[in-house]
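Enquirer: Structure provided below as structure tokens; questions to follow.
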Amino acid sequence: MIDWVARIQAHFERGFYTTEQVMRFVTLGKITVEEADQIMAKEESDGATI
112 MIDWVARIQA
122 HFERGFYTTE
132 QVMRFVTLGK
142 ITVEEADQIM
152 AKEESDGATI
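112 is the number of the first residue of the sequence shown in my numbering; add one for each residue after it.
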């Protein structure tokens, strides 16, 4: 089984996915809104520019 949160987070942190693309995974039912918020919040807390 695929760990979608870990996979999406890894791609997001490397700059392969934008916030819009992360939210698309919510629409597709792969992750929840809360999980998407956690992925994007981690990037903001790291001090990186989004």
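Yeah, the Cβ is synthetic: ideal placement off N, Cα and C, and Gly gets one too. Treat the numbers as computed from the prediction; the structure is a model and nothing was measured.
For Thr138, does the three-state DSSP call read helix, strand or coil?
Expert: Along the sequence shown, one-based indexing puts residue 138 at 27. In the structure shown, Thr138 sits in a helix (DSSP, three-state: H, G or I).
Enquirer: Taking the Cβ atom as the reference point for each residue, do Gln119 and Ile142 lie within a distance shorter than 8 Å?
Expert: Residue 119 sits at position 8 when you count from the first residue of the sequence shown. Residue 142 sits at position 31 when you count from the first residue of the sequence shown. Note on identity: in this sequence residue 119 is Ile, with Gln being the wrong assignment. Yes.
Enquirer: Can you tell me which of the three DSSP states Asp148 falls into?
Expert: Here the question's residue 148 lines up with position 37 in the sequence shown. Helix, per DSSP.
Enquirer: Put Arg118 into one of helix, strand or coil per three-state DSSP.
Expert: Here residue 118 is taken as the residue at index 7 of the sequence shown, counted from 1. Three-state result, Arg118: helix.
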